[in-house]
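Here the structure is laid out as structure tokens; the discussion comes afterwards.
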Amino acid sequence: MPDEKFRKVCLSLFLQSINQANSYGSNKWGVHYRRDGIRLLVGSLIVFTIHKNGIWLALDKQLLNERKDTRESLGINKLWQWDDGKWSEYKAVPSMNGYYTPSSENLEIWPIIRDFHFEYVKKVANKYEWLNIKSQSKSTPELLTYLEKELGQSIPVPKYGIQEDIILQDDNILQEIEDYNITHKELSETEREAIVQSRIGQGIFRSDLKKYWGEKCAVTGCKLIKILKASHIKPWSHSNNTERLDLYNGLLLIPNLDSVFDKGYISFDDEGKIIISNLLSEDDRIKLDVHSEMRIRKIEEKHIKYLEYHKQEIFLK
44 MPDEKFRKVC
54 LSLFLQSINQ
64 ANSYGSNKWG
74 VHYRRDGIRL
84 LVGSLIVFTI
94 HKNGIWLALD
104 KQLLNERKDT
114 RESLGINKLW
124 QWDDGKWSEY
134 KAVPSMNGYY
144 TPSSENLEIW
154 PIIRDFHFEY
164 VKKVANKYEW
174 LNIKSQSKST
184 PELLTYLEKE
194 LGQSIPVPKY
204 GIQEDIILQD
214 DNILQEIEDY
224 NITHKELSET
234 EREAIVQSRI
244 GQGIFRSDLK
254 KYWGEKCAVT
264 GCKLIKILKA
274 SHIKPWSHSN
284 NTERLDLYNG
294 LLLIPNLDSV
304 FDKGYISFDD
314 EGKIIISNLL
324 SEDDRIKLDV
334 HSEMRIRKIE
344 EKHIKYLEYH
354 KQEIFLK
């Protein structure tokens, strides 16, 4: 993003659109990170995208045709540019789309754009019963936490989204996305999307675990927070979006325990007592400082299903 003020303005307008979509139902919308920016979807259609240098918006075609003078004045404003592309998917709910370059000093045309945009959001929300399944599976609800932190405002959460009280560790996800895409051009677009999304999620997960375990290792009580690892009990790659961010699916561990737990050489029973695989030799146990008296410092009911999965699917018997 070019500057802090511009970024905050874009995020503020994005939130207005989210609130409008949410007013028609919390199951109708979602936010996505994609290579071209951060998107808001309603039903099965993109309605708002934050790009590097501005925002893309869908406006209601019928209302624009009814207000021709306003439409013409908008077309000659230097802050607005019509998107003349023929998007076949928007035939279901007719729209005219364009690019808006807002600034904190010059927002006088936003109320005009907003009226046409909100009318379109309403029509899309009324047409679709819910955000379609494909879009739900690609949802990046972690961005809502970032938005809440940046704007200092309460953000609505979709029904399938994450808890509102998650605190994002990173200060500027938009900048991180931009930097990552620039420095990893050798990766495919799909690979870059997947890696950035996992990076956002793992930052939230670690932040939650630090708070839950009091910034200490869940087993040893080690307080050297800089070396502690946020370890998933049910691995990230095996988990759905909710499980990936569930603090009860995680342990904060010192590096040696994180490694042997991740590879299945140790696990823990329902009471938190360590289980050591026969494949971990006595000599290696000593060198790794893994012993039978170890246990997780506290166990709650919500941990148990994940520990059961680890024992059955990850632990080396």
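Residue numbering for the sequence shown is 44 to 360, as defined by this note's numbering.
Built from N, CA and C at the ideal position, the CB exists for glycine as well.
Worksheet item: Residues in its own chain within less than 6 Å of G142 by CB, not counting five upstream and five downstream?
Response: Sequence inspection shows Tyr at residue 142; the Gly mentioned does not correspond to that position. The beta carbon of Y142 sits closer than 6 Å to those of G97, W99 and Q124, all from its chain and outside the five residues before and after it, given in chain order.
Fill in: Nearest to S280 (by Cα), restricted to the options A261, T263 and D305
Ranking the options by Cα distance to S280, first place goes to D305.
Worksheet item: In chain order, which continuous runs of the beta strand (DSSP E) of length 3 or greater are located wholly inside the region 122 to 178?
Response: Runs of the beta strand (DSSP E) inside the region 122 to 178: 123 to 126 and 138 to 143.
Worksheet item: Cα separation between Q179 and D126?
Response: Taking the straight line joining both Cα atoms gives about 27 Å.
Practice prompt. Taking all protein chains shown into account, decide if D332 is buried (16 or more other Cβ within 10 angstroms of its Cβ) or exposed.
Written response: Label assigned to D332: exposed.
Worksheet item: Skipping 5 residues on each side, what residues in its chain have a beta carbon closer than 7 Å to that of I347?
Response: Beyond the five residues adjoining it in sequence on each side, I347 comes within less than 7 Å, by CB distance, of D313 in the same chain, given in chain order.
Fill in: Backbone secondary structure at Y255 - three-state DSSP
DSSP, read as helix, strand or coil, puts Y255 in helix.
Discussion item. Per DSSP, what are the beta-bridge partners of R82 in this structure?
Written reply: Partner(s): H75 and T92.
Worksheet entry | Uninterrupted alpha helix (DSSP H) stretches inside the region 306 to 345 (no shorter than 4 residues) | With a minimum length of 4 residues, the continuous alpha helix (DSSP H) runs that stay inside the region 306 to 345 are 325 to 331.
Worksheet entry | K170 to L117 span [Cα, whole Å] | Between K170 and L117, the C-alpha separation is close to 27 Å.
Worksheet item: To which residues does DSSP link A273 through a beta bridge?
Response: Paired residue(s): L295.
Practice prompt. Measure the alpha-carbon distance for Q212 versus P145 and round it to whole angstroms.
Written response: Only weak support is given to the placement of Q212: the predicted model assigns it a pLDDT of 41, under 50, and the value that follows is read from those uncertain coordinates. Those two C-alpha atoms are separated by around 28 Å.
Discussion item. Please state the DSSP three-state secondary structure of G288.
Written reply: Here residue 288 turns out to be Leu, not Gly, going by the sequence shown. Taken through DSSP and simplified to helix, strand or coil, L288 comes out as coil.
Fill in: Distance between I93 and C53 (C-alpha atoms, nearest Å)
Going from the Cα of C53 to the Cα of I93 covers about 7 Å.
Practice prompt. If I'm right that S324 touches G307 with Cβ under 8 Å, what's the distance once you round it to whole angstroms?
Written response: With a beta-carbon spacing of about 15 Å, S324 and G307 fall beyond the 8 Å limit used to define contacts.
Worksheet item: With a CB to CB cut of under 6 Å and the five nearest residues on each side skipped, what residues in its chain are close to Y349?
Response: Excluding sequence positions up to five before and after Y349, its CB lies within less than 6 Å of the CB of I276, K277 and N292, all in the same chain and listed in chain order.
Practice prompt. Using three-state DSSP, classify A101 as helix, strand or coil.
Written response: In the three-state reduction of the DSSP assignment, A101 falls in the strand class, which pools E and B.
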